[in-house]
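First to last, the sequence lines map onto chains A and B. Under our numbering, residues 1 to 69 are what the first sequence spells out, in order. Under our numbering, residues 1 to 69 are what the second sequence spells out, in order. Here a beta-carbon is modelled for each residue, glycine too, at the ideal position from N, C-alpha and C. This report concerns only the one structure given below.
Number of protein chains: 2
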Amino acid sequence: MASRTHDPEPLLTPAEVASMFRVDPKTVTRWAKAGKLSAIRTLGGHRRYRESEVRALLQGQIPTQRQGD
Amino acid sequence: MASRTHDPEPLLTPAEVASMFRVDPKTVTRWAKAGKLSAIRTLGGHRRYRESEVRALLQGQIPTQRQGD
DNA sequence: ACCCAGTGGGGTAATTTGGGTA
DNA sequence: GATGTCCAAATTACCCCACTGG
């Protein structure tokens, strides 16, 4: 088994996610605000995104979960 | 900066594909709906197209799904 | 402490979607 | 059957400036 420390979950910056979807980084921010994409906040308020989730979203395997409706 | 070996697939917007084919963006949308062109969806529902596929289509290297011929 | 590319927040154009129609 | 146009609504892109990340 691995040690008791957490596995280093690969995180992506807004710009990286934006380039993967061919959208503006601001758009990725809107997705996070809308709850379509879970974001991890830095202590300074910047957002980081889980690479695994982003890739799953790109493959369309996640039923585009929306919050407000 | 996140110096991750990141190979984002180049994607094209509907307008870009439309100008490449000299057609209306709406027509490109119809091609995607008809399955003639694979499309990746943004979380907001907009379509993005693979540049490699579009270029191959432009060169006629992909046997378009046509019935008899 | 300085540098500076990237990001957040807000607001406003531009593009895209989807249906119906020519 | 395939493409272009009109319309309303939704989504996205670009503009500002202040702050964060390395």
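Own chain partners of residue i with C-beta closer than 8 Å, once the 5 adjacent residues on each side are dropped
{"i": "threonine 29 of chain A", "result": "Pro14, Arg47"}
{"i": "leucine 58 of chain A", "result": "Met20, Phe21"}
{"i": "serine 52 of chain B", "result": "Glu9, Pro10"}
{"i": "glycine 60 of chain A", "result": "none"}
Spatial neighbours of residue i in its chain, beta-carbon cut-off 7 Å, leaving aside the 5 residues before and after
{"i": "tryptophan 31 of chain A", "result": "Leu37"}
{"i": "valine 54 of chain B", "result": "Leu12, Val17, Met20"}
{"i": "arginine 50 of chain B", "result": "Glu9, Leu11, Ser38"}
For residue i, the nearest candidate out of the options (CA to CA)
{"i": "aspartate 24 of chain A", "options": "B:Leu11, B:Asp24, B:Glu53", "result": "B:Leu11"}
Close Cβ partners of residue i (< 6 Å) along its chain, the five nearest in sequence each way excluded
{"i": "isoleucine 40 of chain B", "result": "Arg48"}
{"i": "threonine 27 of chain B", "result": "none"}
Inter-stretch contact at 8 Å, needing at least 3 Cβ pairs: the segment 16-25 of chain B / the segment 35-49 of chain A:
no
Taking a Cβ distance cut-off of 8 Å, strictly less, list which residues of the segment 41-55 of chain A are near chain B, in chain order.
none
In the segment 2-63 of chain B, which residue ranges form an unbroken beta strand (DSSP E) of at least 3 residues, counting only runs that do not cross its ends?
39-41, 47-50
Using a beta-carbon distance cut-off of less than 9 Å, what residues from the segment 5-25 of chain B approach chain A?
His6, Pro8, Glu9, Pro10, Leu11, Leu12, Thr13
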